[in-house]
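Working notes for the structure below.
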Amino acid sequence: MNELLPQKQINSFKDKASEISHPHEMIIDLLRAIQLHHGWVPDDGVLLTAEVLGVLPIEVEEVATFYDKIFRREVGKRVIHICDSICCWTTGAEMIAEHLKKTLGIGLGETTADGLFTLLPTCCLGACGEAPAMMIGFTTHGLLTTEKIDDILQRERAAVAAEV
Amino acid sequence: MNAYTQVLFKNRRPNETVLLPEYEKNGGYQGLRAAMKMQPAEVCELVKDSGLRGRGGAGFPTGIKWSFFPADQPGDKYLVCNGDEMEPGTYKDRQLLLADPHQLVEGMAIASYALQAQIGYVFLRYAYEDCFQRLEQAIEEAVEAGYLGENILGSGFDFELHVHGSAGRYILGEETSQLNGLEGRRPNPRSKPPFPAQRGLFGRPTNVNNVETLATVPHILTHGTTWFQDLALNPESAGTKLFGLSGHLNRTECYELPLGITLREVVEDFGGGVREGKKFKACLPGGASTPYLTTDHLDVMMDFNPLEEVESRLGTAGVTVFNEDTCMVAVTRNLNQFFARESCGWCTPCRDGLSTISWLLDRIEFGQATNDDLAMLKDQVKNIKGRSFCALAEGAMGPVEALLRLFEHEIIDHIKQGGCPFAC
Numbered sequence: 001m002n003e004l005l006p007q008k009q010i011n012s013f014k015d016k017a018s019e020i021s022h023p024h025e026m027i028i029d030l031l032r033a034i035q036l037h038h039g040w041v042p043d044d045g046v047l048l049t050a051e052v053l054g055v056l057p058i059e060v061e062e063v064a065t066f067y068d069k070i071f072r073r074e075v076g077k078r079v080i081h082i083c084d085s086i087c088c089w090t091t092g093a094e095m096i097a098e099h100l101k102k103t104l105g106i107g108l109g110e111t112t113a114d115g116l117f118t119l120l121p122t123c124c125l126g127a128c129g130e131a132p133a134m135m136i137g138f139t140t141h142g143l144l145t146t147e148k149i150d151d152i153l154q155r156e157r158a159a160v161a162a163e164v
Numbered sequence: 001m002n003a004y005t006q007v008l009f010k011n012r013r014p015n016e017t018v019l020l021p022e023y024e025k026n027g028g029y030q031g032l033r034a035a036m037k038m039q040p041a042e043v044c045e046l047v048k049d050s051g052l053r054g055r056g057g058a059g060f061p062t063g064i065k066w067s068f069f070p071a072d073q074p075g076d077k078y079l080v081c082n083g084d085e086m087e088p089g090t091y092k093d094r095q096l097l098l099a100d101p102h103q104l105v106e107g108m109a110i111a112s113y114a115l116q117a118q119i120g121y122v123f124l125r126y127a128y129e130d131c132f133q134r135l136e137q138a139i140e141e142a143v144e145a146g147y148l149g150e151n152i153l154g155s156g157f158d159f160e161l162h163v164h165g166s167a168g169r170y171i172l173g174e175e176t177s178q179l180n181g182l183e184g185r186r187p188n189p190r191s192k193p194p195f196p197a198q199r200g201l202f203g204r205p206t207n208v209n210n211v212e213t214l215a216t217v218p219h220i221l222t223h224g225t226t227w228f229q230d231l232a233l234n235p236e237s238a239g240t241k242l243f244g245l246s247g248h249l250n251r252t253e254c255y256e257l258p259l260g261i262t263l264r265e266v267v268e269d270f271g272g273g274v275r276e277g278k279k280f281k282a283c284l285p286g287g288a289s290t291p292y293l294t295t296d297h298l299d300v301m302m303d304f305n306p307l308e309e310v311e312s313r314l315g316t317a318g319v320t321v322f323n324e325d326t327c328m329v330a331v332t333r334n335l336n337q338f339f340a341r342e343s344c345g346w347c348t349p350c351r352d353g354l355s356t357i358s359w360l361l362d363r364i365e366f367g368q369a370t371n372d373d374l375a376m377l378k379d380q381v382k383n384i385k386g387r388s389f390c391a392l393a394e395g396a397m398g399p400v401e402a403l404l405r406l407f408e409h410e411i412i413d414h415i416k417q418g419g420c421p422f423a424c
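Structure follows, in structure tokens:
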């Protein structure tokens, strides 16, 4: 996990960048790839992106810091995005958020002491028909109840344990 | 429930995605074949005659937008599909892409031919990784079958299609912000003019349309303009629309319904009425930026012009319903928090104005407000409306203005009682 991106992927991004007329357009692709592999994007990830694409680090940084789904600070092994937009609000999102905070013992924007979970608020996930909803990684979980959340957290804990 | 003609959802089955063989068997890519036998300008004219209006929120007539595009200008030209879909209450494009993604691929092939654009991008939001994978698969199948790529169906026309996975932020749904996002620039919106049709992606002519809009195009080519117009219940309108239902309804699902259907039929028949036997109080008719409708509007047609006549908008047709126990100050506070947080910070009316409105709505909701705060709220709306750099803050004023117009008495009750009368 300390590695930013496997060399094979770096080479493939370099090849593609040399073939297209605007390598700039790959900044988000590269940041997303680094985050997927490394968990978040440290300063070295910004520098690597700049080097691979032949652009200035500041051009990468001004993009990276704009997006809320690019993490420029260390996050837990699982990032929980809890929707606080209107459809989830009508179906108990505030209660769901409170349950998550209580169960994990952290506030929004914080990471559990064991480094497992980070809890972040997010705007509408496009799961309004299945509100209330949250997203872990790329997976959206809908029709949440406190029991369902406990079950999901338990499965995520087991999955992380199996990765090590 | 009335059974209405299904067009975009005709192949839809729960938890399944239609692949190329089934799509073709059910008439898929016939629209593209028909288009390739026509001149590009004739395709534009047909879409204009159909009366198709943009399904992404603004409702601009698609064929008229296309007619502004410099199709005969030499050099690179781009077609962008806006699949950012991040306005709270809106989840229709996801349903469409999960069920039957080839409709978008075919629609983009037709649109690119009509506009003579050689390169296309589908811009997808971060949360739609499931759509991303299905779309990539559909594109692969279409390239293999000769519907995309070089010399499409032997016509000599080339079109390459890419999918861009974004990384959050509502502002990316604004078309010029989206172009900056695709270019890998910081995605603040751009000043207009120049409009994207003149100088868009990488400084080249670019046309941007919504997922549902483009997915509708093949059906118009296949079945004709009269068929398309007859789909709507409103004789002055055309086509079906995807309605995503949410909030306090018994059934919160996405339905394909004819334009011109009444709000009552949507809420009572398709939504199954309000949960727990409660009464309908209000709704957002088409996403977080559309002004509220109330019980007075249950017999209004859910369509572009009829909703504008009652000072609201069809928007994306994501209908979010609130029951009789709902505090409309609290609803507006939630909506405004969304817009304030998603502001890109570029212009003062949006960056400072929306957070000031959030502060005022907090004061009202939590019983700290006086009549001066109500006056300041009205004043802030005036300072934001028509003064922001892009449409984000303008849209944010939709629910705030509707709160003042329809529910000012609730604000006054909060001030008088020193707290929320709904105890929320």
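Residue numbers (the numbering used here), protein chains in the order written: chain R, 1 to 164; chain D, 1 to 424.
We put the beta carbon where it would ideally sit given N, CA and C, even for glycine.
Predicted model only: the values in this text are computed from it and were never measured.
If the criterion is Cβ atoms closer than 8 angstroms, does the pair leucine 36(R) and threonine 49(R) meet it?
Contact: no.
Could you give the DSSP three-state label for arginine 53(D): helix, strand or coil?
Looking at arginine 53(D) - three-state DSSP - the assignment turns out to be strand.
Tell me the DSSP bridge mates of proline 57(R)?
In DSSP, proline 57(R) forms no bridge with anything.
Could you spell out where the beta strand (DSSP E) holding serine 246(D) opens and where it closes?
240 to 247 is the span of the beta strand (DSSP E), which, as asked, contains serine 246(D).
At 3 residues or longer, and completely inside the segment 87 to 150 of chain D: list those beta strand (DSSP E) runs for me, N to C.
Runs found: 119 to 124.
What is the DSSP secondary structure of phenylalanine 159(D), reduced to helix, strand or coil?
Of the three classes helix, strand and coil, the one that applies to phenylalanine 159(D) here is strand, per DSSP.
Could you tell me the distance, in whole angstroms, from the CA atom of threonine 206(D) to the CA atom of phenylalanine 270(D)?
Rounded to whole angstroms, threonine 206(D) to phenylalanine 270(D) spans 38 angstroms at the Cα level.
Is it true that the segment 60 to 78 of chain R meets the segment 160 to 175 of chain D, where meeting means three or more beta-carbon pairs spaced less than 8 angstroms apart?
Judged by Cβ distances under 8 angstroms, the segment 60 to 78 of chain R makes contact with the segment 160 to 175 of chain D, as three or more pairs qualify.
Within its chain, find whatever has a CB closer than 6 angstroms to the CB of valine 143(D); leave out the 5 residues flanking it on each side and keep chain order.
Correct list, in chain order: Gly149.
Using the rule of at least 16 other Cβ atoms within 10 Å of the residue's Cβ for burial, across every protein chain shown, is alanine 162(R) buried or exposed?
That one is exposed.
Which residues share a DSSP beta bridge with asparagine 209(D)?
For asparagine 209(D), which the question treats as bridged, DSSP gives the partners Cys81(D).
Taking the alpha-carbon of cysteine 390(D) as reference, which of Phe322(D), Thr176(D), Val331(D) has the nearest alpha-carbon?
Ranking the options by Cα distance to cysteine 390(D), first place goes to Thr176(D).
Which residues does DSSP list as the beta-bridge partners of methionine 135(R)?
The partner list for methionine 135(R) (beta bridge, DSSP) reads His81(R), Thr140(R).
Is glutamate 401(D) close to chain R? Criterion is C-beta to C-beta, closer than 8 angstroms.
False, the Cβ-Cβ gap to chain R never drops below 8 angstroms.
I'd like to know if threonine 90(R) contacts chain D, where contact means its C-beta is closer than 8 angstroms to some C-beta of that chain.
Interface residue, yes.
Buried or exposed, going by whether 16 or more other CB atoms sit within 10 Å of the CB of aspartate 325(D)?
When all chains shown are included, aspartate 325(D) counts as exposed.
Hey, how far is the Cα of glutamate 61(R) from the Cα of glutamate 394(D)?
If you take the alpha carbons of glutamate 61(R) and glutamate 394(D), they lie about 29 angstroms apart.
Under a CB-based cut-off of 8 angstroms, is arginine 94(D) close to chain R?
Yes, its Cβ sits closer than 8 angstroms to a Cβ of chain R.
By DSSP, does methionine 302(D) sit in helix, in strand, or in coil?
Reduced to three states, the DSSP call for methionine 302(D) is coil.
Pull up the distance between the alpha-carbon of alanine 402(D) and that of leucine 116(R), whole angstroms please.
Cα to Cα, the separation comes out at about 43 angstroms.
Alpha carbon to alpha carbon, what distance is there between glutamine 95(D) and glutamate 268(D)?
Spanning the two alpha carbons is a distance of roughly 22 angstroms.
Rounding to the nearest angstrom, what Cα-Cα distance links lysine 278(D) and leucine 249(D) in this structure?
Cα to Cα, lysine 278(D) sits roughly 10 angstroms from leucine 249(D).
Considering only C-alpha positions, which residue in the set Gln118(D), Lys48(D), Tyr91(D) is nearest to leucine 242(D)?
When each option's Cα is compared against that of leucine 242(D), the closest is Tyr91(D).
From aspartate 362(D) to alanine 340(D), what distance separates their C-alpha atoms?
Approximately 13 angstroms, taken between the alpha carbons.
Would you please verify whether the beta carbon of leucine 182(D) is less than 8 angstroms from any beta carbon of chain R?
Judged by the 8 angstroms Cβ criterion, leucine 182(D) is in contact with chain R.
Going by the CB atoms, is the gap between glycine 57(D) and glycine 247(D) shorter than 8 angstroms?
Not closer than 8 angstroms, so no.
Out of Ser388(D), Ile415(D), Phe322(D), which has the shortest C-alpha to C-alpha gap to threonine 91(R)?
Out of Ser388(D), Ile415(D), Phe322(D), Phe322(D) has the C-alpha closest to the C-alpha of threonine 91(R).
Can you give me, in chain order, the residues of the segment 104 to 130 of chain R that have a beta carbon less than 8 angstroms from any beta carbon in chain D?
Flagged, chain order: Thr122, Cys123, Cys124, Leu125, Gly126, Ala127, Cys128, Gly129, Glu130.
Flag this pair as touching only if the segment 294 to 314 of chain D and the segment 349 to 359 of chain D have three or more C-beta atom pairs under 8 angstroms; answer yes or no.
Too few Cβ pairs lie closer than 8 angstroms, so no.
As a quick exercise: from Asn210(D), Ala317(D), Thr252(D), pick the residue whose alpha carbon is nearest that of isoleucine 261(D).
Checking every option, the nearest Cα to that of isoleucine 261(D) belongs to Ala317(D).
Kindly list, in the order they appear in chain D, the residues whose Cβ is closer than 8 angstroms to that of histidine 24(R).
Glu183, Gly184, Arg185, listed in chain order.
To the nearest angstrom, how far is it from the Cα of proline 93(R) to the Cα of arginine 55(D)?
What sits at residue 93(R) in the sequence shown is alanine, not proline. Distance between the alpha carbons of alanine 93(R) and arginine 55(D) is about 28 angstroms.
Between Thr356(D), Gly345(D), Pro101(D), which lies nearest to arginine 13(D) when the distance is taken from Cα to Cα?
When each option's Cα is compared against that of arginine 13(D), the closest is Pro101(D).
Return the residue from the list Ala375(D), Pro285(D), Gln178(D) that minimises the CA-CA distance to glycine 165(D).
Considering only alpha carbons, the answer is Gln178(D).
Could you check what DSSP says for threonine 17(D) in three-state terms: helix, strand or coil?
Note: threonine 17(D) maps to coil in three-state DSSP.
Under 8 angstroms, Cβ to Cβ, is there at least one residue of chain D near glutamate 18(R)?
What sits at residue 18(R) in the sequence shown is serine, not glutamate. So no, serine 18(R) is outside the interface.
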